[in-house]
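I have placed the structure first, in the form of structure tokens, so that the comments after it can refer back to it.
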Amino acid sequence: MAYIILNFALAAFLIWLTVYIDRASKIKIDYNDPLIINILIAAIISVIYSILICSFLPEAFFLLLARILFILEACFLVNISFCFIYYAAVKRSAIVTILKIVLYAFSFYIAFFKFDAVGMTVQYGVVIRSSYIFPGETGLVFPWTWVTVYVALYRFILPGFCCLIMLLRNEYSASRLQKHRGYLDALALLVMWGMLIFMSAASRHNQAISLLYHFAYVFLILVMTAASSEKTALSGIDTMMFVFRAFLTYMIPAVVVGFLYAYFFSLYTNYPFLFAFVLAAGTFIMLFYIQKVSDYLTNTRRLHSADYEHAFERDLASIDYNGEMDEITNNMFNIFKKNVECSSMSVFINNGEGKLDTAYSSKNEMLSVPVDNPVFDELLNIGKTVVVYSEIDNEHDLAEIKDKLAELFRVTKSDALFILNEGRNILGFIVLGIKTSGDHYKDYDISVFTKLYSYFFVFGYYMRNISNKDIIGTVNREIRMSSQIITSIQENMDPVKSPKIDVGYIMVPAHNIGGEFIDLIRLNDKTHLFVVGDLSGKGIAASMSMVILKSVIRTYLAETHDFKQLVVKVNSFIRNSLQKGTIFAGMFALVDFQTDTMYYINCGIPALFLYTQAYNNVIEIQGSGHILGFVKDMSPFVSVKQIKLNKGDIVLTCTDGLIDSHSLRGEQFGKERVQQVLLANSMYPASRMAQFEYDSLVKFMSKEMEDDVSVLVMKYQETTAAAKPETLPGTGTEQQETTQTEEIPSA
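Using the working numbering, the first residue of the sequence shown is number 12, and each one after it goes up by one.
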């Protein structure tokens, strides 16, 4: 009974294995690989075998099914044998096909014409009766039956011969990975032979053991399946870990189940169902144990031979790019050598003339690679910037460039490649030599390289720029001169001399120069125009647009005396005369000191706050506004608003760099913090208040600025008449939109 249960369990397992590999498994096997067909054949054999040993079939049908079983077994072993040759030489051969057909036909001949009788019972095991090959006296010297020929040819001679061919071919033409796979297949074959010989010897004492001979094929199938999916050859340490894993997940469960079988076998005679239950329960517990141990060994980092990700990232982040080039490149190589154990490193940089030249080589070898190499183009097409040698035979996406990629690895004497690109533009690439242990880079290495690719890109970008350091020096000098000129123009303002108002501001670009500006323009002794603006773009281009716009605003003021029309004309200039796509977000404010009134137009300013001393609170007064540069005619969208200013009132406006900046935790600075800083420092001069806003932002962010920041503070100190202010519900301040056109006074 136990043998029947075990064979049915084997059949169920092989059926599950077929479905698992075909649909659910992460194991990647080429679907041209004959091993997949062999697993299916093995499942069919197990099902037929399980039916036969139940002994409920008519004798004639039993014999027919048994003959078919042995034919299928022979076909399975022929396919397995020629799998070895397939792995050594993937190209199809007509000779191999003919040989397989001949061997199939020979198995049919033996099964149907030379096997006289077949029996499969628990009492006698597997019994096959056949005649001797050599009659008479020769038969006494060579007492071989057709069963002997069948077993020797299909189970031993043919698999051994094909495996030997595979090993010999691998020694001369295979990669290290292919050799590794070949050794695993050979080991599996040796274990299969050992199991068959052991069961043959054991069946002399207990004939029923011969019913389990199919189990010898299971180990062979499992190992060959695992070997086919191997992507890297194991190092010495990895081999030790493999043996340790096999000991925990295979040997221990096998010993436990074997002990249960031997210890409780005495129950079989009187309590067969109890014996089957104990054996099944023990098997289930061991399967559960195998699953849990396998999951732990897969997920734990303690048993990894090289878990270097965090140390590698820490070392890469510590590189100081302010040092000398030789020091930085040697430091990078030492970091790779320490963590990844690479034997060499080379960096190739685009020279702008269609070549990728060696910018650094740890072996001092100079080489030039064409930038139009199809390998780069194909890798970018599939979105792969990190590739290692061991992937050539395993990644289907690389099939079209397999030979060219292998040639690139050969020419550069490397085993890993990182492409440094901006879109389709290749800046260069970095290559690493094979590991000092002789191992190829594995899945873990690929995962780490992919995660830390940004560090490699920064290094490559540095190498590209430093290789053109003369040009960079010239450009930097030009940028510094441009920055000085632009900053001088940016700070050219008309100071406010009225004793009624204290004005302070701060402008801090994120990268030396930017497109934000604040301008104070004196119209006459009683009127001043304030402009806060943020032009789209960064760097010199935005700064030049800012300089031009500042000049244009002053030019328009000389010919335009209508506040609204001034903004309309500025919008037209931005749309028609500046670089296409340029927009302006800001505010125009006209302060009349004679009437203590501020007229303002919101042009998309993100925040405009008013602090009233009488009520000691802060409100937003910007209302809705439209960015300049989008629409052709801005007239319908421009509205002039006015607000009465009282003693102690403070007006603060800022650009989005203050409001929208984020901390390291991703939290936004926001309007509420701006208001809190304004309230807390309302007693200070306007310039100090602007500085406090910026200082609060810097402390909040705890990192480099990502956007320009501009803050304007207007602190009203006295009014013309100490009259009680008219009340705006809820605020105590008058605010209204003017319906008439506000005239800008002449200077």
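Ideal placement from N, C-alpha and C gives every residue a C-beta, glycine not left out. A quick note: this is a predicted structure, and the numbers were derived from the prediction, not measured.
Excluding five sequence positions before and after GLU411, the CB atoms of its chain that fall closer than 7 Å to its own CB belong to GLU389, given in chain order.
Sequence-distant partners of LEU17 (beyond 5 residues in either direction) whose C-beta falls short of 7 Å from its own C-beta, in its chain, are LEU223. Secondary structure at LEU601: strand, using DSSP grouped into helix, strand and coil. When secondary structure is reduced to three states using DSSP, ASN384 falls in the coil class, being assigned neither helix nor strand.
Nearest to LYS682 by alpha-carbon distance, out of VAL629, SER355 and SER547, is VAL629. By the C-beta criterion, the stretch 418 to 428 is judged not to be in contact with the stretch 461 to 478, since fewer than 3 inter-stretch pairs fall below 8 Å. Under DSSP, the beta-bridge partners assigned to ASP530 are VAL542. Excluding sequence positions up to five before and after ASP408, its CB lies within less than 8 Å of the CB of ILE393 and LYS395, all in the same chain and listed in chain order. Between LEU723 and TYR516, the CB-CB gap stays under 8 Å.
In the structure shown, the three-state DSSP call for TYR610 is strand. Looking only at PHE275, LEU308 and GLY449, the smallest Cα-Cα distance to GLY293 is reached by PHE275.
Contact annotation: MET725 and VAL651 have beta-carbon atoms that are not nearer than 8 Å. In this chain, the alpha helix (DSSP H) harbouring LEU178 covers 169 to 184.
Cβ neighbours of VAL304 within its own chain (closer than 7 Å, five residues either side excluded): LEU259 and THR260. Non-local C-beta neighbours of ILE638 in its own chain, meaning closer than 6 Å and more than five positions away in sequence, comprise ILE594, ALA596 and GLY615, ordered along the chain. In the three-state scheme derived from DSSP, where H, G and I count as helix and E and B as strand, ASN503 is classed as coil. If the five residues before and after MET131 are omitted, its C-beta is found closer than 6 Å to the C-beta atoms of LEU63, ILE64 and VAL137, all from its own chain and listed in chain order. With fewer than three CB-CB distances shorter than 8 Å, the stretch 558 to 576 does not count as touching the stretch 685 to 692. Taking LEU179 as reference, the option from LYS366, MET235, ALA197 and LYS508 with the minimal CA-CA separation is ALA197. Burial check for TYR165: the Cβ neighbour count within 10 Å reaches 16 or more, so the residue is buried. Distance check between ILE437 and each of LEU367, SER373, LYS374 and MET210 places LEU367 closest, using alpha-carbon atoms only. Residue state for MET725 is assigned as strand, using DSSP reduced to three classes. Boundaries of the beta strand (DSSP E) around TYR516: 512 to 519. By the criterion of a C-beta distance shorter than 6 Å, GLN633 is surrounded in its chain by ASN613, ILE616 and LEU619, once the five residues flanking it on both sides are discounted.
Contact between ALA237 and MET210 does not hold, since their C-beta atoms are separated by about 23 Å, which reaches or exceeds 8 Å. Here the alpha carbon of VAL399 sits roughly 36 Å from the alpha carbon of ILE263.
The continuous beta strand (DSSP E) containing GLY136 extends over residues 136 to 141. In this structure, LEU675 sits near LYS714, with a CB-CB distance shorter than 8 Å.
With three or more CB-CB distances shorter than 8 Å, the stretch 348 to 364 counts as touching the stretch 430 to 446. Judged by DSSP in its simplified three-state form, MET645 adopts coil rather than helix or strand. Here THR132 is bridged, per DSSP, to GLY136.
Going by beta carbons, ILE529 and HIS539 fall outside the 8 Å limit.
For THR606 and PRO510, the gap between their C-alpha atoms comes out near 14 Å. Judged by DSSP secondary structure, GLU678 falls outside any beta strand (DSSP E); it is assigned neither H nor E. Ranking VAL254, ALA322 and SER240 by CA distance to the CA of ASP404 puts SER240 first.
Between the alpha carbons of ASP337 and GLY640 lies a gap of roughly 49 Å.
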